[in-house]
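All remarks here apply to the structure that follows.
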């Protein structure tokens with residue numbers, strides 16, 4: 004056996020074959036944060052704390068002043084990038100292992116890709132895939148710190164950001180509670196995009212050059228496009244293959260994703276069709292962080308990049 008094979012096998016073992024991963028079971032008594040009371044109380048605390056912090060700073064500090072956080076936002080971005088990379092690798096390897104071990108049960112009715120979209124009826128939240136779904140659910144709480152940074156640094160409280168963080172946490176809980184179909188591809192695509200986006204955030208936070216195009220918005224556009232295509236696939240498989248597990252939770256998930264998609268498209272159109280005067284104001288507001296310099300085309304790209312950051316602060 005060549006020396007390079009051993010680390011790969013070890014990597015696969017720790018991400019998909021470890022007994023704690025293979026034997027995982029979503030349980031209200033053994034899994035931390037697995038109860039409905041914990042879910043609702045934690046989201047309520049997040050909303051109340053964010054609102055109270057914003058009001059407190061509004062009363063305490065003069066308008067325009069921010070609270071210096073030093074390297075904390077950069078460390079958070081790096082941590083989120085690493086966690087998202089770990090989750091994406093784990094869910095991918097675990098999905099391949101689950102397909103290998105359980106294909107005998109559903110191979111006559113589904114292909115592996117169809118299994119990724121549509122779990123067979125009766126699927127229970129246990130095993131490798133649901134372990135990483137659980138890790139993804141826990142990471143949503145760490146993701147919420149982004150709101151706190153926005154309030155402290157930008158003195159802004161966005162309803163859309165509160166809505167998105169709360170709903171994404173709620174949906175990831177539903178994935179586990181009802182063994183919802185579609186979650187494998189949703190976790191994989193979201194984790195990959197988050198790894199790229201937060202890696203970019205860390206890149207810019209340590210003072211390196213920004214992209215000369217709306218990088219964050221483009222990533223969000225790709226993610227929403229993938230989600231839309233997968234939702235259509237789940238709907239077709241549900242009616243053509245005898246039903247998908249957790250279709251009720253999937254329906255609720257679809258409505259919320261549709262709302263986010265409409266909000267994104269509204270913003271995207273405002274970027275490309277918005278008023279020139281508003282664009283100039285945005286450029287002046289971000290004059291201390293130029294993405295590119297030079298001709299009018301680069302200024303336009305810089306404007307779009309700045310607006311994409313504003314959008315991402317609202318939704319993430």
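In the numbering used here, the protein residues as written are 4 to 319.
Glycine included, every Cβ here is placed at the ideal spot set by N, Cα and C.
Since the structure is predicted, the reported quantities are computational estimates derived from the model, not experimental observations.
Contact between the segment 237-247 and the segment 116-136 is present: 3 or more CB-CB pairs across the two stretches fall below 8 Å.
Taken atom to atom, the span from the alpha-carbon of residue 38 to that of residue 211 is near 42 Å.
Here the segment 216-235 does not lie against the segment 151-168, with fewer than 3 beta-carbon pairs under 8 Å apart. By the neighbour-count definition (other C-beta atoms within 10 Å, threshold 16), residue 126 is a buried residue.
Annotation: the segment 108-175 contains the following complete segments of the alpha helix (DSSP H) (minimum length 4 residues), in chain order: 115-120, 131-146 and 148-157.
Shortest Cα-Cα distance from residue 24 to any of 84, 242, 137 and 176 involves 137. Secondary structure at residue 103: helix, using DSSP grouped into helix, strand and coil.
In this chain, the alpha helix (DSSP H) harbouring residue 225 covers 218-243. For the options 78, 191 and 54, the alpha carbon positioned closest to that of residue 95 is the one of 191. In terms of Cβ geometry, residue 35 and residue 97 do not form a close pair [threshold 7 Å]. Note on geometry: alpha-carbon atoms of residue 75 and residue 243 lie some 50 Å from one another. As DSSP reads the structure, residue 28 sits in a beta bridge with 129.
In this model, residue 179 and residue 150 are separated by some 25 Å (Cα to Cα).
Counting along the chain, residue 204 sits inside the alpha helix (DSSP H) bounded by residues 186-208. In the three-state reduction of the DSSP assignment, residue 17 falls in the helix class, which pools H, G and I. The residue from 80, 54, 13 and 88 with its alpha-carbon nearest to that of residue 204 is 80.
Listed in chain order, the non-local C-beta contacts of residue 169 below 8 Å within the same chain comprise 46, 49 and 50, local neighbours out to five positions each way being set aside. Using a Cβ distance threshold of 7 Å, residue 19 and residue 100 count as a contacting pair.
Using a 10 angstroms sphere on the CB of residue 29, the tally of other CB atoms reaches 16 or more, which defines it as buried. Distances from the alpha-carbon of residue 227 to those of 208, 255, 92 and 260 put 260 closest.
If you draw a straight line from the Cα of residue 104 to the Cα of residue 132, it comes to about 12 Å. Looking at 265, 187, 166 and 196, the one whose alpha-carbon comes closest to that of residue 86 is 196. Within the same chain, and ignoring the five residues on either side of residue 53 in sequence, the residues whose Cβ sits closer than 8 Å to its Cβ are 150, 151, 154, 160 and 165. Residue environment analysis places residue 44 among the exposed positions, since fewer than 16 neighbouring C-beta atoms fall within 10 angstroms of its C-beta.
The beta carbon of residue 115 is closer than 6 Å to those of 102 in its chain, skipping five residues each way along the sequence. Rounded to whole angstroms, the Cβ separation of residue 90 and residue 142 is 7 Å, and the two are in contact under 8 Å. Comparing alpha carbon positions, the residue from 172, 270, 173 and 177 closest to residue 219 is 270. The beta-carbon separation of residue 208 and residue 84, rounded to 11 Å, does not stay under the 8 Å limit for a contact. Assignment of residue 181 by DSSP, reduced to helix, strand and coil, places it in the coil class.
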